[in-house]
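**Student:**
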Amino acid sequence: MDNKWMERTALLVGQKGLDKLMKAHVLIVGLGGVGSYAAEAIARTGIGKITIVDGDVVDPTNRNRQLQALATTHGMSKAKLIHDRIKAINPEVEINSIDTFMTPEAMKELLEQKFSYIIDAIDSITPKLYLISTAYWNNQKLISCMGAGGKMDPTRIEVTDISKTHTDPLAQYVRKRLRYMNIYKGVKCVYSNELPAKYSIMHTDGSKFKKSAYGTISYLPAAFGLTCASVVIREISGWKEVKY
Numbered sequence: 062m063d064n065k066w067m068e069r070t071a072l073l074v075g076q077k078g079l080d081k082l083m084k085a086h087v088l089i090v091g092l093g094g095v096g097s098y099a100a101e102a103i104a105r106t107g108i109g110k111i112t113i114v115d116g117d118v119v120d121p122t123n124r125n126r127q128l129q130a131l132a133t134t135h136g137m138s139k140a141k142l143i144h145d146r147i148k149a150i151n152p153e154v155e156i157n158s159i160d161t162f163m164t165p166e167a168m169k170e171l172l173e174q175k176f177s178y179i180i181d182a183i184d185s186i187t188p189k190l191y192l193i194s195t196a197y198w199n200n201q202k203l204i205s206c207m208g209a210g211g212k213m214d215p216t217r218i219e220v221t222d223i224s225k226t227h228t229d230p231l232a233q234y235v236r237k238r239l240r241y242m243n244i245y246k247g248v249k250c251v252y253s254n255e256l257p258a259k260y261s262i263m264h265t266d267g268s269k270f271k272k273s274a275y276g277t278i279s280y281l282p283a284a285f286g287l288t289c290a291s292v293v294i295r296e297i298s299g300w301k302e303v304k305y
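Here the sequence shown stands for residues 62 to 305, where the numbers follow this note's numbering.
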């Protein structure tokens, strides 16, 4: 195995840290503007095994923010595109690509295996709650991304417990629903304390568990995804514990 390409990473996290990353298995659910960039960062750090999940295909509206969305990839599987990209970065990586939307039963079955870390990059409430609650009750390490839409300032992004979030409407709704599941704290999340621009919201047909969507800018979802990946990488490598 040629690890020359990971030389700069090893200089920063040390050989022991790199070894931990190479032995880790990370699950990323949702490969949109947040998840695609999280997957990229995870892959470029040398994580040894990656599972990615997304049942969607590329839509022209994805091109302003999603890594795999190009004029030449409309209608193609997001999971397949990210799978191929990750393999091109690290041919030795073991990657499991799941090209489907997850039901509660499928989510439960998937999380029967132990992951080093889970990144929740789902932007629809119902499957997001499936993932968070299943991971919580199975004692799986998870970082959950809250709302990146309707926002412009990446310096307002924070890592904290779900119980400490404020301002973000998605985080507020997730907190409320989790309380019905007897989950009050202990869910690490990435959120922004910037108020979303209400004028940018649009209503949808309700498909894919989504009734509305905010306008988005190219860099903000990416910043959320990279922040999620940074937490995972720092904790797995032993760089330092991420306080929140």
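The beta-carbon is built from N, C-alpha and C at its ideal position, and this holds for glycine as well.
In the structure shown, what three-state DSSP assignment does His144 receive?
**Tutor:** Note: His144 maps to helix in three-state DSSP.
**Student:** Would you mind reading off the limits of the alpha helix (DSSP H) that contains Glu166?
**Tutor:** Residues 165 to 171.
**Student:** Please go through the same chain and pick out, in chain order, the residues whose beta-carbon is closer than 6 Å to the beta-carbon of Cys250, but skip the five residues on each side of it.
**Tutor:** Ser205, Met207, Ile223.
**Student:** Give me the Cα-Cα distance between Arg146 and Ile156, rounded to the nearest whole angstrom.
**Tutor:** In a straight line, the C-alpha of Arg146 is about 11 Å away from that of Ile156.
**Student:** Which residues mark the beginning and the end of the alpha helix (DSSP H) in which Tyr280 is found?
**Tutor:** Where Tyr280 is concerned, the enclosing alpha helix (DSSP H) stretches over 280 to 298.
**Student:** Across which residues does DSSP place Ile111 in a beta bridge pair?
**Tutor:** Looking at the DSSP assignment, Ile111 forms a beta bridge with Val87, Ile156.
**Student:** Would DSSP call Glu219 helix, strand or coil?
**Tutor:** Three-state result, Glu219: strand.
**Student:** Taking CB distances under 9 Å as the criterion, tell me whether Met213 reaches chain B.
**Tutor:** Protein chains in the displayed structure number just one, and chain B is not present.
**Student:** Terminal residues of the continuous beta strand (DSSP E) containing Lys249?
**Tutor:** From DSSP, the beta strand (DSSP E) with Lys249 extends over 249 to 253.
**Student:** Less than 7 Å between C-beta atoms, sequence neighbours within five positions excluded: which residues of the same chain meet that for Ile297?
**Tutor:** Counting only Cβ-Cβ distances below 7 Å, and skipping sequence neighbours, we find Lys81, Leu82, Ala85, Ser177, Tyr178.
**Student:** Excluding the 5 residues preceding and the 5 following Thr106 in the sequence, name in chain order all residues of the same chain whose CB lies nearer than 7 Å to its CB.
**Tutor:** Contacts found: Thr70, Leu82, Ile294.
**Student:** Grab me the residues of Gln174's own chain with a C-beta within less than 6 Å of its C-beta, minus the 5 sequence neighbours each way, in chain order.
**Tutor:** Same-chain partners within the cutoff: there are none.
**Student:** Following the continuous beta strand (DSSP E) through Leu203, name the residue where it begins and the one where it ends.
**Tutor:** That run of the beta strand (DSSP E) goes 203 to 206.
**Student:** Among all the DSSP beta bridges, which residues are the ones paired with Ile180?
**Tutor:** Ile89, Ile204, per the DSSP bridge assignment.
**Student:** With DSSP as the reference, identify every bridge partner of His264, one or two as the case may be.
**Tutor:** Per DSSP, Ser273.
**Student:** Should Met242 be labelled buried (16 or more other beta-carbon atoms within 10 Å of its own) or exposed?
**Tutor:** So Met242 counts as exposed.
**Student:** Could you have a look at Ser224 and say whether DSSP puts it in helix, strand or coil?
**Tutor:** Here Ser224 sits in helix by DSSP.
**Student:** Can you tell which of Thr164, Pro165, Asn151, Met163 has its C-alpha closest to the C-alpha of Ile111?
**Tutor:** Of the candidates Thr164, Pro165, Asn151, Met163, the one whose C-alpha sits nearest the C-alpha of Ile111 is Asn151.
**Student:** Would you identify the three-state DSSP class for Val118, choosing helix, strand or coil?
**Tutor:** Val118 falls in the strand class under three-state DSSP.
**Student:** Please list, in chain order, all residues of the same chain as Met67 whose beta carbon is under 7 Å from its beta carbon, the five residues on each side excluded.
**Tutor:** Contacts found: Leu79, Gly107.
**Student:** Would you report the Cα separation of Val292 and Ile103, rounded to the nearest angstrom?
**Tutor:** Cα-Cα distance, rounded: 11 Å.
**Student:** Can you give me the Cβ contacts of Ala290 inside the same chain, cut-off strictly under 6 Å, excluding the 5 residues immediately before and after it?
**Tutor:** Cβ neighbours of Ala290 beyond the five flanking positions: Ala99, Ala102, Ile103.
**Student:** Less than 7 Å between C-beta atoms, sequence neighbours within five positions excluded: which residues of the same chain meet that for Val118?
**Tutor:** Correct list, in chain order: Gly136, Met137, Ser138, Lys139.
**Student:** Gln129 and Ser97 - do their beta-carbons sit closer together than 9 Å?
**Tutor:** Going by C-beta atoms, Ser97 is nearer than 9 Å to Gln129.
**Student:** Specify, as a first and last residue, the run of the alpha helix (DSSP H) that Pro257 falls within.
**Tutor:** Note, Pro257: premise wrong, no alpha helix (DSSP H); not H, not E.
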